[in-house]
Amino acid sequence: MGGDDRSEKDRQLDGYRVDERDSFLTTDQGIPVADTDNSLKAGERGPTLLEDFHFREKITHFDHERIPERVVHARGAGAYGYFEPYDGSLAALTRAEFLRTPGLRTPVFVRFSTVAGSRGSADTVRDVRGFAVKFYTRQGNFDLVGNNMPVFFIQDSIKFPDFVHAVKPEPHNEMPQASSAHDTLWDFVQLQPETTHMMMWVMSDRAIPRSLRMMQGFGVHTFRLVAEDGRATFVKFHWKPALGTHSLVWDEAQKIAGKDPDFNRRDLWEAIERGAHPEWELGLQLVPEEDEHSFDFDLLDSTKIIPEEQVPVRPVGRLVLDRNPDNFFAETEQVAFHLANIVPGIDFSDDPLLQGRLFSYLDTQLIRLGGPNFPQIPVNRPIAEVRNHQRDGYHQTRVNQGRAAYHPNSVGGGAPVPSPEDGFTHHRERIDGYKIRMRSESFADHYSQATLFWNSMTGWERDHIVAAFRFELGKVEVRGIQEGVVRNLNEVDHDLAVRVAEGIGVDAPGLPATPNHGRSSPALSMSDEPADGIATRKIAFLVGDGVDAEQVRGLMDDLTARGAFCEVLAARGGAVQGAAGDRLTVTRPLPTTASVMYDAVVVAGGDESVRALIEDGDALHFVSEAYKHGKAVGALGTGVEILEPAHVSTAPGQGVFTSSGADLGAFLPPFVAAIAAHRFPHRPVRPVPA
Ligand code: HDE
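Numbering-wise (UniProt numbering), the sequence shown opens with residue 1 and increments by one.
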């Protein structure tokens, strides 16, 4: 990248970038190296000598390459970009310059993550996704360390080690990896009913996003915006993806975990490399301080949402990711998020989950990044100036000048001095109470919002939730744990509990003490996500020799012009011979990929090509599986012949389209609409053997 339009953060990083092209090899001391392939030995076949400083340095550095992985959110992928507010309308509510200055582009680094798995675990496991944004504002770094679900498992952060120990692989045998489908997690869940609402989200399709670019983000806690005059407004942060919120289906997610464990990471990387920059809208739910107690839940309870129908989400700006990191370790691994990185104009609330996090994130960076100077690591450096009396420590890279490292001082002219005008001031909040170790009564209702979530789902979303509970609990070995979870689910909804009980073979519960309240919040459903475009959807074209190549090229051009990513797959790499004697380049050989990598499939026409595809089990399976997973299927010309052997029904309204003639005029619009709709969840796919 070059030119003046680069962000201040990007330009700052120039000072750290190392370009090793056209260079000679040296040691860490800059000594030129003559040979790095042979260690220094006493004789051709003799022992290696201690004086081989190059050997020792190379091996020692290698021995120390690893740092502890994050205790949670170990697996992640990151990217740079910017945030800009739509206008200055927040000026009345906050001093935060990056939120209130129209046209101001604040550089950001975003890291997405799974929670439970190790650094090398698969991307598509059932889990919460982290959505952490570091804003490099001119008033210092602001970190919004959120998730893709708006609530959390527990209400008080003192329970976090218990929760994490329960969900992580079990301690005696370190199994299962990156999965919540085991006894200890569900044991904790059944004994800690405050987890119920979050477990509904985790058992929903939200926990298996199609793409990191197609998921929402939430700050989860209630925070505060603070105005110039000190007046505060409670706020919840929401990120809404421009491409809509879309998910995988469970069978697909499990298969991808084997076929391409980097699926979500690769998808993010490739989209940015291709210039399809992912985008989210920042929205705020704003609650005046005086309305704090006007809800039937506590604003300080992170197991609760504020239903959007009660407090609408106000769009205030957009986030765009436009640059991949140069180096995974230096940037994505070493980025250090911390909830306490906050700028004037934003403040915390007394949410006990938030309060504990204010301690944990700094503490964890000290062990992970080896000392107190991690804010000096390039990715963590603010673009705002850093001037203070902090000194020394491991990995100090600053060369502070002068004699005064204390305040107040006279030998350094008093500087750096605090700035009461511009400096961060904590919101003035009156606190009155006993020092006490207890949970507020206002946190006691663990079921109403879980019921609200369930009530807000459409039929197929409920089916997926029931199937997920059955899958997870079906892997639990202790019957008492299964029964305990069903008992809790019965308090959410009786029908849900009965369906789950049936699937796992425990007794169905009797009617619950409190019946379903019947309320719903339509905004919680993913069923009516925007379906007006196919940008960045991946479409596979299955071809063989004798394919109608011209038609394939025409359709690909059309879909590509709409922003889709098209790939040509054939039994072998290279190219296939078209029916008209022309050649069609193959993107990748079919055996190296699978239908689960794509959003839609087109079976190209051409007698010989289709015959070969029908005789190729991989191709047949590809079509059946795409159909089974609810994806749009198109068959051009004789391509229609593959549908029957692939168990694909052409019943209308189910996203399967055929075209008989050369003209794709009638085929294209409904096919495009079907890809945009993303899934057809009502297909009769149970008997499809894929
Ligand atoms: Fe975290 N969390 N967390 N968390 N969290 C960490 O910090 C913690 C919570 C979240 O990409 C750790 O640097 C406590 C809620 C994200 O680098 C650690 C509690 C939410 C990331 C930690 C919570 C999150 C973390 C591990 C109280 C959503 C990844 C490594 C119950 C609002 C950031 C690290 C990245 C990471 C502690 C709960 C989101 C140990 C004590 C709620 C996205 O400090």
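We put the beta carbon where it would ideally sit given N, CA and C, even for glycine.
Decide if residue i is buried, meaning its Cβ has at least 16 other Cβ atoms within 10 Å, or exposed.
i, result
"N388", "exposed"
"H682", "exposed"
"residue 705", "Outside the shown range of the chain (1 to 690) lies residue 705, about which nothing can therefore be said."
"F112", "buried"
"R679", "buried"
"L282", "buried"
"E20", "exposed"
"M438", "exposed"
"V128", "buried"
"N38", "exposed"
"Y136", "buried"
"E615", "exposed"
"L315", "Note that residue 315 is Pro in the sequence shown here, rather than Leu. Classification for P315: exposed."
"residue 691", "Residue 691 lies beyond the residue range present for the chain, which begins at 1 and ends at 690; the question has no answer from this structure."
"I642", "buried"
"Y406", "exposed"
"P408", "exposed"
"M175", "exposed"
"D347", "buried"
Given residue i, which residues of its chain have a CB within under 6 Å of its CB, disregarding the five upstream and five downstream residues?
i, result
"H464", "D205"
"C566", "I539, M556, L559 and T560"
"M597", "none"
"F443", "Q155, D298 and D301"
"A491", "Position check: residue 491 holds Glu in this sequence, whereas Ala was assumed. Y447 and P512, listed in sequence order."
"P102", "D87 and G88"
"G655", "A632, A674 and F680"
"M431", "Met is not the amino acid found at residue 431; the sequence shown has Ile there. The answer is none, since no qualifying residue turns up."
Rounding to the nearest angstrom, what Cα-Cα distance links residue i and residue j in this structure?
i, j, result
"L99", "G146", "18 Å"
"D10", "H395", "23 Å"
"D422", "R95", "9 Å"
"residue 691", "L225", "With the chain covering only 1 through 690, there is no way to say anything about residue 691."
"F61", "N327", "Note that residue 61 corresponds to His in the displayed sequence, not to Phe. Near 18 Å, if we compare the C-alpha coordinates of N327 and H61."
"A673", "V379", "41 Å"
"P85", "T184", "44 Å"
"G578", "V610", "12 Å"
"V466", "M215", "22 Å"
"V235", "S89", "15 Å"
"G653", "P515", "37 Å"
"residue 762", "V108", "Given that the chain is displayed from residue 1 to residue 690, the structure contains no residue 762 and the question cannot be resolved."
"A253", "V202", "14 Å"
"L664", "I675", "16 Å"
"I208", "W250", "7 Å"
"M1", "V320", "Its pLDDT being 44, under 50, M1 is placed unreliably in this model, and the value from its coordinates should be taken loosely. When rounded, the distance between both Cα atoms is 17 Å."
Less than 8 Å separating the beta-carbons of residue i and residue j?
i, j, result
"V603", "L636", "yes"
"T196", "Y361", "no"
"A77", "R119", "no"
"A271", "P278", "yes"
"D351", "L300", "yes"
"G317", "F163", "no"
"W280", "L473", "no"
"T124", "I256", "yes"
"T222", "P288", "no"
"L542", "L613", "yes"
"H238", "R210", "no"
"G244", "N148", "no"
"H54", "T36", "yes"
"Q334", "I306", "no"
Give me, in chain order, the residues of the same chain whose beta-carbon lies closer than 7 Å to that of residue i; leave out the 5 immediate sequence neighbours on both sides.
i, result
"L524", "F453 and S456"
"K475", "A181 and H182"
"G573", "V586, R588 and P589"
"A480", "Correcting the residue identity first, residue 480 is Gly in this sequence and not Ala. Contacts found: none."
"P372", "L366 and G393"
"V547", "V576, G578, A579, L584, A604, G606 and S609"
"R487", "P509"
"P193", "H446 and N488"
"T593", "L569"
I'd like the list of long-range same chain contacts for residue i, defined as Cβ closer than 8 Å, with 5 residues on each side in sequence excluded.
i, result
"D618", "A571, L590 and P591"
"H293", "none"
What runs of the alpha helix (DSSP H), each 4 residues or longer, lie entirely inside the region 230-266? Segments of the alpha helix (DSSP H) lying fully in the region 230-266: 250-259.
In chain order, each alpha helix (DSSP H) run of at least 4 residues that lies wholly inside the region 70-148: Fully enclosed alpha helix (DSSP H) runs of 4 or longer: 97-100.
Just list the alpha helix (DSSP H) runs in the region 635-689, keeping only unbroken ones of 4 residues or longer that don't cross its boundaries, in chain order. Annotation note: the region 635-689 contains the following uninterrupted alpha helix (DSSP H) runs of length 4 or greater, listed N- to C-terminal: 668-677.
Completely contained alpha helix (DSSP H) runs for the region 489-549, where each covers 4 or more residues: You should have 494-504.
Segments of 4+ residues assigned as alpha helix (DSSP H) that fall wholly inside the UniProt region "Disordered" (1-40): Entirely contained in the UniProt region "Disordered" (1-40), the alpha helix (DSSP H) runs reaching 4 residues are, in chain order, 8-14.
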